[in-house]
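Enquirer: In our numbering, the protein residues as written are 37 to 166.
Don't be surprised by glycine CBs; every beta carbon is placed ideally from N, CA and C.
Below: one structure in C-alpha coordinates.
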Amino acid sequence: MEKPLAPSAPRRPSALMAGLFCRCPRCGRGKLFSSYLKVAPACSVCGLSFAGHDTGDGPAFFIILPLSIITCVAALLVDVNLEPPMWVHVVVWPAFIALVVGGLLPRVKALMVALQYRYRDVEHEQGNQQ
(Lines of atoms letter the chains of each structure in order from A; the text may use other names.)
(Lines give C-alpha, C1' and ligand atoms only; values in the text may rest on other atoms or scores of the structure.)
Protein backbone atom coordinates (compact mmCIF):
# COMPACT_ATOMS: atom_id res chain seq x y z
CA MET A 37 0.00 0.00 0.00
CA GLU A 38 1.17 3.48 -0.78
CA LYS A 39 1.26 6.11 1.89
CA PRO A 40 -0.73 9.25 1.18
CA LEU A 41 1.42 12.23 0.36
CA ALA A 42 1.80 14.72 3.16
CA PRO A 43 0.79 18.26 2.36
CA SER A 44 3.85 20.00 1.08
CA ALA A 45 5.43 22.69 3.16
CA PRO A 46 5.62 26.07 1.54
CA ARG A 47 8.71 26.24 -0.61
CA ARG A 48 11.20 28.92 0.16
CA PRO A 49 12.39 30.89 -2.83
CA SER A 50 15.84 30.42 -4.29
CA ALA A 51 18.41 32.96 -3.21
CA LEU A 52 18.63 34.18 -6.80
CA MET A 53 14.89 34.83 -7.07
CA ALA A 54 14.75 36.47 -3.64
CA GLY A 55 17.61 38.74 -4.69
CA LEU A 56 16.21 39.54 -8.11
CA PHE A 57 12.86 40.64 -6.70
CA CYS A 58 14.29 42.08 -3.43
CA ARG A 59 12.07 39.85 -1.30
CA CYS A 60 12.42 38.05 2.00
CA PRO A 61 14.77 35.05 1.65
CA ARG A 62 12.53 32.86 3.83
CA CYS A 63 9.01 33.42 2.46
CA GLY A 64 9.69 35.26 -0.80
CA ARG A 65 6.72 37.59 -0.28
CA GLY A 66 7.78 40.32 2.16
CA LYS A 67 9.83 43.29 1.02
CA LEU A 68 13.49 43.20 2.00
CA PHE A 69 14.10 46.96 1.84
CA SER A 70 12.29 49.75 3.67
CA SER A 71 13.84 52.31 1.27
CA TYR A 72 16.21 52.20 -1.70
CA LEU A 73 19.08 50.37 0.06
CA LYS A 74 17.98 50.27 3.71
CA VAL A 75 17.21 46.74 4.83
CA ALA A 76 13.93 46.54 6.74
CA PRO A 77 14.11 45.47 10.40
CA ALA A 78 11.97 42.37 9.71
CA CYS A 79 9.81 40.75 7.04
CA SER A 80 6.27 42.13 7.09
CA VAL A 81 4.85 38.73 6.06
CA CYS A 82 6.71 36.00 7.96
CA GLY A 83 8.42 38.11 10.67
CA LEU A 84 11.99 37.03 9.89
CA SER A 85 14.39 39.48 11.52
CA PHE A 86 16.94 40.95 9.15
CA ALA A 87 19.13 42.21 12.01
CA GLY A 88 22.71 41.05 11.63
CA HIS A 89 22.59 40.69 7.85
CA ASP A 90 25.39 43.05 6.90
CA THR A 91 26.61 43.07 3.31
CA GLY A 92 29.19 45.82 3.74
CA ASP A 93 30.82 46.92 0.47
CA GLY A 94 30.34 43.55 -1.21
CA PRO A 95 27.49 44.52 -3.54
CA ALA A 96 29.34 47.59 -4.84
CA PHE A 97 32.50 45.56 -5.43
CA PHE A 98 30.70 42.79 -7.31
CA ILE A 99 29.05 45.37 -9.58
CA ILE A 100 31.94 47.77 -10.16
CA LEU A 101 34.57 45.14 -10.98
CA PRO A 102 32.86 43.64 -14.07
CA LEU A 103 31.17 46.92 -14.97
CA SER A 104 34.51 48.74 -15.20
CA ILE A 105 35.82 46.14 -17.64
CA ILE A 106 32.64 46.22 -19.74
CA THR A 107 32.62 50.03 -19.80
CA CYS A 108 36.28 50.29 -20.80
CA VAL A 109 35.87 47.80 -23.63
CA ALA A 110 32.67 49.47 -24.83
CA ALA A 111 34.25 52.94 -24.71
CA LEU A 112 37.26 51.74 -26.69
CA LEU A 113 35.05 50.04 -29.29
CA VAL A 114 32.90 53.15 -29.67
CA ASP A 115 35.97 55.36 -29.95
CA VAL A 116 37.70 53.17 -32.54
CA ASN A 117 34.63 52.49 -34.68
CA LEU A 118 32.68 55.76 -34.45
CA GLU A 119 35.36 58.31 -33.45
CA PRO A 120 32.94 60.58 -31.55
CA PRO A 121 34.08 63.87 -29.98
CA MET A 122 35.38 63.65 -26.42
CA TRP A 123 32.27 65.28 -24.93
CA VAL A 124 30.21 62.28 -26.06
CA HIS A 125 32.35 60.00 -23.89
CA VAL A 126 32.11 62.43 -20.98
CA VAL A 127 28.30 62.40 -21.19
CA VAL A 128 27.57 58.79 -22.17
CA TRP A 129 29.78 56.64 -19.93
CA PRO A 130 29.12 58.22 -16.51
CA ALA A 131 25.38 58.08 -17.26
CA PHE A 132 25.70 54.44 -18.34
CA ILE A 133 27.58 53.55 -15.15
CA ALA A 134 25.10 55.40 -12.92
CA LEU A 135 22.11 53.66 -14.52
CA VAL A 136 23.63 50.19 -14.31
CA VAL A 137 24.84 50.60 -10.72
CA GLY A 138 21.54 52.17 -9.67
CA GLY A 139 19.58 49.29 -11.13
CA LEU A 140 21.79 46.45 -9.92
CA LEU A 141 22.85 47.60 -6.44
CA PRO A 142 19.59 46.73 -4.61
CA ARG A 143 19.36 43.36 -6.34
CA VAL A 144 22.94 42.36 -5.58
CA LYS A 145 22.54 43.51 -1.97
CA ALA A 146 19.31 41.47 -1.69
CA LEU A 147 21.10 38.46 -3.17
CA MET A 148 23.89 38.78 -0.60
CA VAL A 149 21.35 39.01 2.25
CA ALA A 150 19.58 35.91 0.89
CA LEU A 151 22.89 34.02 0.71
CA GLN A 152 23.72 35.07 4.28
CA TYR A 153 20.32 33.77 5.37
CA ARG A 154 20.95 30.43 3.68
CA TYR A 155 24.54 29.81 4.69
CA ARG A 156 25.07 31.70 7.95
CA ASP A 157 23.26 31.32 11.26
CA VAL A 158 22.86 35.01 12.10
CA GLU A 159 20.37 34.42 14.93
CA HIS A 160 22.73 31.94 16.64
CA GLU A 161 25.71 34.29 16.25
CA GLN A 162 23.75 37.17 17.80
CA GLY A 163 22.82 35.00 20.78
CA ASN A 164 26.49 34.23 21.48
CA GLN A 165 27.50 37.90 21.39
CA GLN A 166 25.01 39.02 24.04
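Taking residue 95 as part of the alpha helix (DSSP H), name the residues at either end of that continuous run.
Expert: It spans 94 to 118 - the alpha helix (DSSP H) in which residue 95 sits, taken as one unbroken run.
Enquirer: Terminal residues of the continuous alpha helix (DSSP H) containing residue 69?
Expert: Counting along the chain, residue 69 falls outside any alpha helix (DSSP H), and DSSP gives it neither H nor E.
Enquirer: Where do the N-terminal and C-terminal ends of the alpha helix (DSSP H) with residue 89 fall, by residue?
Expert: Careful: residue 89 lies outside any alpha helix (DSSP H) and carries neither H nor E.
Enquirer: Alpha carbon to alpha carbon, how far is residue 87 from residue 51? Give it in angstroms, no decimals.
Expert: For residue 51 and residue 87, the distance between alpha carbons rounds to 18 Å.
Enquirer: Relative to the C-alpha of residue 81, which candidate in 123, 113, 67 has its C-alpha closest?
Expert: Ranking 123, 113, 67 by Cα distance to residue 81 puts 67 first.
Enquirer: Could you give the residue range of the alpha helix (DSSP H) that holds residue 5?
Expert: Since the displayed the chain opens at 37 and closes at 166, residue 5 lies outside it and no answer follows.
Enquirer: Any idea what DSSP makes of residue 76, helix, strand or coil?
Expert: DSSP places residue 76 in coil when its eight states are reduced to three.
Enquirer: Determine the burial state of residue 131: buried for a count of at least 16 other Cβ atoms within 10 Å of its Cβ, exposed for fewer.
Expert: Residue 131 is exposed by the Cβ-count criterion.
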